[in-house]
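Accompanying notes for the structure given below.
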Amino acid sequence: MFGSIIINGLLILSIITTILYYLSFKKENLLKTARSFYHVITLGMIVASAYLMYNVMTHNFSFTYIWRYSSTELPKFLLATTFYAGQEGSFALWALMLSVIGSLLIPYVKKHNYEAPVMTIYSLILVFIFLIMINKSPFEYIWDSFPDQNIEAGFMPANGNGLNPILQNYWNVIHPPILFLGFSAMSVPFAFAFAGLIKREYHNWIKVSMPWTLFATGLLSLGIMLGGFWAYETLGWGGFWGWDPVENASLIPLLTAIALVHTMLVQKKTGGLIRTNFVLAIISFVLVIYSTFLTRSGILGDSSVHSFGDPGKLTYTLLLAFLSFFTLIGIIALFARFKDISRVAGKLEFQMSSREFMLSLGSLVILAIAGFVLVGTSWPIIQEVLGQAKTGVQISIYDAGSLPLTAVGLILMVFSVFLNWKMTPAELLVKKMWLGVLLAAIFTNVFIFLGYNEFKHIALGFAAFFALFSNLEYLIKTARKYPKLIGAYLSHFGFALLILGVIASGGYSESQQMTLKVGQTKEFNGYTFKFVGKNQIEKEFKDREKFQYLVEVTHDGKTDVAKPIIYYSDFNQRQQPFLEPGILESFSSDIYLSPNVADYKYDIPIISLGKGDKIDVPLASGLAMTVTGFDMQSMMGGDTNNGTLPFGAIVEFSDSESTFVDTLYSNLDPQSFVGEPNWFTLEKYNTDISFVQFMPDMQDMGKSKVAFILKEAGNEMPAPVEYFSFEASVKPLINLVWAGTIAIVAGFFIAIGKYTKSKEAGNNLEDNSDKTKTDSNILEEKPYIANK
Numbered sequence: 016m017f018g019s020i021i022i023n024g025l026l027i028l029s030i031i032t033t034i035l036y037y038l039s040f041k042k043e044n045l046l047k048t049a050r051s052f053y054h055v056i057t058l059g060m061i062v063a064s065a066y067l068m069y070n071v072m073t074h075n076f077s078f079t080y081i082w083r084y085s086s087t088e089l090p091k092f093l094l095a096t097t098f099y100a101g102q103e104g105s106f107a108l109w110a111l112m113l114s115v116i117g118s119l120l121i122p123y124v125k126k127h128n129y130e131a132p133v134m135t136i137y138s139l140i141l142v143f144i145f146l147i148m149i150n151k152s153p154f155e156y157i158w159d160s161f162p163d164q165n166i167e168a169g170f171m172p173a174n175g176n177g178l179n180p181i182l183q184n185y186w187n188v189i190h191p192p193i194l195f196l197g198f199s200a201m202s203v204p205f206a207f208a209f210a211g212l213i214k215r216e217y218h219n220w221i222k223v224s225m226p227w228t229l230f231a232t233g234l235l236s237l238g239i240m241l242g243g244f245w246a247y248e249t250l251g252w253g254g255f256w257g258w259d260p261v262e263n264a265s266l267i268p269l270l271t272a273i274a275l276v277h278t279m280l281v282q283k284k285t286g287g288l289i290r291t292n293f294v295l296a297i298i299s300f301v302l303v304i305y306s307t308f309l310t311r312s313g314i315l316g317d318s319s320v321h322s323f324g325d326p327g328k329l330t331y332t333l334l335l336a337f338l339s340f341f342t343l344i345g346i347i348a349l350f351a352r353f354k355d356i357s358r359v360a361g362k363l364e365f366q367m368s369s370r371e372f373m374l375s376l377g378s379l380v381i382l383a384i385a386g387f388v389l390v391g392t393s394w395p396i397i398q399e400v401l402g403q404a405k406t407g408v409q410i411s412i413y414d415a416g417s418l419p420l421t422a423v424g425l426i427l428m429v430f431s432v433f434l435n436w437k438m439t440p441a442e443l444l445v446k447k448m449w450l451g452v453l454l455a456a457i458f459t460n461v462f463i464f465l466g467y468n469e470f471k472h473i474a475l476g477f478a479a480f481f482a483l484f485s486n487l488e489y490l491i492k493t494a495r496k497y498p499k500l501i502g503a504y505l506s507h508f509g510f511a512l513l514i515l516g517v518i519a520s521g522g523y524s525e526s527q528q529m530t531l532k533v534g535q536t537k538e539f540n541g542y543t544f545k546f547v548g549k550n551q552i553e554k555e556f557k558d559r560e561k562f563q564y565l566v567e568v569t570h571d572g573k574t575d576v577a578k579p580i581i582y583y584s585d586f587n588q589r590q591q592p593f594l595e596p597g598i599l600e601s602f603s604s605d606i607y608l609s610p611n612v613a614d615y616k617y618d619i620p621i622i623s624l625g626k627g628d629k630i631d632v633p634l635a636s637g638l639a640m641t642v643t644g645f646d647m648q649s650m651m652g653g654d655t656n657n658g659t660l661p662f663g664a665i666v667e668f669s670d671s672e673s674t675f676v677d678t679l680y681s682n683l684d685p686q687s688f689v690g691e692p693n694w695f696t697l698e699k700y701n702t703d704i705s706f707v708q709f710m711p712d713m714q715d716m717g718k719s720k721v722a723f724i725l726k727e728a729g730n731e732m733p734a735p736v737e738y739f740s741f742e743a744s745v746k747p748l749i750n751l752v753w754a755g756t757i758a759i760v761a762g763f764f765i766a767i768g769k770y771t772k773s774k775e776a777g778n779n780l781e782d783n784s785d786k787t788k789t790d791s792n793i794l795e796e797k798p799y800i801a802n803k
């Protein structure tokens with residue numbers, strides 16, 4: 016009750032705050048009141064979140080949300096993640112992040128005279144979030160959620176369903192909060208764009224919002240990067256990005272945000288691309304909402320392993336209304352100011368030899384990739400609208416479409432580094448780029464020598480090396496004198512590094528399936544794999560049975576132990592195992608073991624035959640056997656023997672001296688058609704044989720098969736031996752992917768410092784770095800204004 020009251024109160028407060036901020040356009044004395052109301056919203060959301068977290072940590076399973084996603088077996092650090100494990104909690108997390116960012120934003124917009132318009136839009140976003148939270152509340156009681164089951168008010172289950180085992184990973188502790196912080200921060204440039212339209216300040220909003228745009232873009236990059244870490248270490252399919260629709264849904268606004276950062280820089284320096292920046296700021300936020308809609312509406316439930324289930328008709332409608340409303344007001348606001356913007360913008364033509372031209376072209380390529388991914392991600396929805404069966408886009412299509420665009424983008428990135436604003440003489444461009452071209456050519460040939468020989472990878476590799484060394488050159492030059500200005504170069508360098516890692520690990524990973532018993536070894540790609548046993552872990556938790564399978568991996572005389580995991584959980588009633596990879600990391604490559612199954616088998620000869628098949632009998636030299644028929648009379652008659660079905664395989668035995676026919680009987684389980692051994696002794700050959708399994712062919716019973724096991728006569732049946740089946744992969748240069756993504760994110764956050772200086776964050780944002788332009792092109796020249 017307490018939590019629901021707070022959320023309802025926060026909805027009312029957010030509506031009042033939005034109205035007050037709107038009225039303060041003309042009555043500035045209302046600003047202080049609106050500001051106070053907003054801070055109350057933030058305080059209230061913190062209280063609501065603390066209340067939810069308290070109930071999570073104290074196992075209050077009377078709340079449906081906590082019962083559904085939590086349990087007493089979860090360790091504390093994972094128990095806390097159930098706060099945002101489901102739809103209700105994720106909306107609460109979003110509301111918390113939005114409200115806190117808003118409180119931090121208020122002093123900034125107040126200082127720059129943007130408070131009323133920015134906070135009007137920002138508060139309006141909160142109205143929609145709280146509307147959704149009322150319908151998908153984490154504070155609903157279990158007796159209200161299941162009214163048909165006559166649950167008594169006050170009832171609390173002894174335990175909860177528990178957290179999905181694939182989410183029980185330390186990366187999941189920080190990945191969702193960072194991603195939602197990025198989603199929330201992307202609201203800020205959207206609100207600034209609206210403020211710019213309202214105030215008719217078509218240039219200044221760019222300057223004021225740049226730090227926030229970099230902040231939001233960096234957070235989105237970090238959130239997606241952490242998701243890649245989680246997928247690689249948890250899901251076991253061997254990759255970090257699978258072009259899953261839900262994964263793509265968060266990538267698309269990141270791509271448009273990256274394009275926005277670059278086009279904002281162009282406008283800041285040239286006065287151009289005014290309309291483009293308004294459009295991109297609006298689209299980037301709308302795509303965040305679209306991402307939420309795709310993930311939480313259930314519309315991709317058949318196409319994505321990450322999608323949430325159907326949230327119900329009302330929540331679906333609210334999400335769609337959220338998306339439609341902000342898309343519509345964005346379009347209306349832009350068209351209302353379109354003529355005015357055209358008058359201010361005038362006519363501006365960029366020289367092809369200028370940095371602004373390359374930045375614009377590069378942004379267009381980024382948007383092309385975003386558009387391509389958007390269509391692919393939305394394809395199941397398009398098919399549903401057209402009345403077709405929903406099918407996802409194949410990974411190969413994404414790879415084929417994005418690869419050439421990425422190569423072009425890398426080349427344009429390099430030229431945007433080398434070129435000056437306005438115009439660059441050809442001889443100066445050649446002088447700047449010759450070293451990068453030479454190093455790229457040398458390392459591309461090394462790439463080819465190492466076996467990376469597909470043309471598409473050679474072309475992309477050359478572009479990546481060109482971008483890598485060109486940005487590294489300027490990164491070093493800038494870092495020596497102006498370390499705070501290295502952000503752009505570091506991000507560009509990281510992206511090139513990332514692409515090289517993707518080429519190597521994605522295009523040239525080698526794999527082999529293995530099935531080993533304890534003590535058995537197998538070689539692959541210069542590595543020796545030996546299964547040495549298993550250890551049960553997490554014995555203190557009663558809701559799971561979890562084993563590490565120990566595989567020694569030896570290479571160049573050094574042995575390490577990989578520990579892939581197979582475990583059963585009460586989460587799915589232990590019907591199917593959960594699998595986690597075992598990874599051995601090194602600088603040059605990772606050894607990645609994806610477990611498939613572990614099973615016990617008898618370590619004795621096993622043979623299977625169909626009717627008419629003939630085979631030499633193991634352990635009985637010179638003897639052959641043929642299955643001539645089946646004795647199914649007892650089975651057909653329905654006779655049973657202690658719940659089993661008597662069944663016989665008619666077998667002809669022959670050697671060079673004689674032939675004899677016998678029927679080998681077994682009592683089979685009627686479900687699996689597997690039976691206990693019933694030994695028949697071939698005395699002449701000192702061999703026991705038993706028919707143990709019937710494998711029926713329901714289409715043609717004449718093609719059915721039977722299985723036999725053999726042992727030396729008189730010997731005891733050996734104990735079953737455990738076999739471990741897994742896929743071993745060698746992933747070259749995978750660490751370049753991680754290093755590259757870290758550099759990208761670091762670059763964005765370092766760049767924020769450049770735009771938070773007093774001059775950079777105010778109305779006079781001109782760069783005063785002309786004196787350093789010979790040292791580094793990142794230190795831009797003063798902007799020029801478009802000809803009217």
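In terms of our numbering, the sequence shown opens at residue 16 and continues consecutively. We treat Cβ as the ideally placed atom computed from N, Cα and C, and that holds for glycine.
Separation of Lys471 and Phe462 (C-alpha to C-alpha, rounded to the nearest whole angstrom) is 13 Å. By the CB criterion at 8 Å, Val303 and Met201 fall inside the cutoff.
CA-to-CA, the gap between Gly534 and His507 works out to about 48 Å.
Within the same chain, and ignoring the five residues on either side of Asp646 in sequence, the residues whose Cβ sits closer than 8 Å to its Cβ are Phe662, Gly663, Ala664, Ile665, Thr678 and Tyr680. Here DSSP, grouped into helix, strand and coil, assigns Leu725 to strand. Residue burial annotation: Tyr53 is buried, with at least 16 other C-beta atoms found within 10 angstroms of its C-beta. For the pair Asp163 and Phe143, the Cα-to-Cα distance works out to about 30 Å.
Excluding residues up to 5 positions away in sequence, nothing lies with its Cβ nearer than 7 Å to the Cβ of Lys354 in the same chain. Taking C-beta separations shorter than 6 Å and ignoring five residues to either side along the sequence, the partners of Ala478 in its chain run Ala422, Leu425 and Ile426, following chain order. In its own chain, leaving out the 5 sequence neighbours on each side, no residue places its CB closer than 7 Å to the CB of Asp414. When Cβ pairs closer than 8 Å are counted between the two stretches, the segment 187-201 is seen to touch the segment 109-123, the count reaching three or more.
Each residue's CA atom was taken as its position, placing Trp258 and Ile410 some 6 Å apart. In this structure, the straight-line span from the alpha carbon of Glu155 to that of Ser64 is close to 14 Å.
With fewer than three CB-CB distances shorter than 8 Å, the segment 720-730 does not count as touching the segment 499-517.
Three or more beta-carbon pairs separated by less than 8 Å are not found between the segment 369-380 and the segment 332-350, which leaves the two stretches without contact.
With a 10 Å radius around the Cβ and a threshold of 16 neighbouring Cβ atoms, Asn750 comes out buried.
Within the segment 516-593, no run of alpha helix (DSSP H) reaches 4 residues while sitting entirely inside it. The alpha-carbon separation between Val576 and Ala385 amounts to approximately 41 Å.
Closest option to Ala734, judged by alpha-carbon separation, among Gln708, Gln563, Asp618 and Tyr700: Asp618. In this structure, the alpha-carbon of Thr232 lies about 9 Å from that of Phe764. Shown here for Gly717: same chain residues with a beta carbon closer than 7 Å to its own, the five before and five after excluded, namely Lys626 in chain order.
Assignment of Phe481 by DSSP, reduced to helix, strand and coil, places it in the helix class. For Leu434, the closest alpha carbon among the candidates Phe484, Ser368 and Gly407 is that of Ser368. Cβ-Cβ distances below 6 Å link Ile704 to Phe695, Phe723 and Leu725 in the same chain, with the five nearest sequence neighbours on each side left out; the list follows chain order.
Judged by pairs of C-beta atoms under 8 Å, the segment 163-180 touches the segment 569-587, as three or more such pairs exist. For Asp259, there is no enclosing alpha helix (DSSP H), as DSSP marks it with neither H nor E. By the CB criterion at 8 Å, Ser236 and Val760 fall inside the cutoff.
The Cβ atoms of Thr756 and Met240 lie closer than 8 Å to each other.
The three-state reading of DSSP puts Asp618 in coil, since its state is none of H, G, I, E or B. Under the 10 Å beta carbon count, Tyr69 is surrounded by fewer than 16 other beta carbons and is classified as exposed. Rounded to whole angstroms, Tyr504 and Tyr489 show a C-alpha spacing of 7 Å. Ser705 sits in a strand when the DSSP states are folded into three classes. Here Thr135 is near Tyr37, since their CB atoms are less than 8 Å apart. Per DSSP, Ala208 is one residue of the alpha helix (DSSP H) stretching across Ser202 to Lys214. Listed in chain order, the beta strand (DSSP E) runs fully inside the segment 63-139 amount to none, counting runs of at least 3 residues. For Ala274, the three-state secondary structure derived from DSSP is helix.
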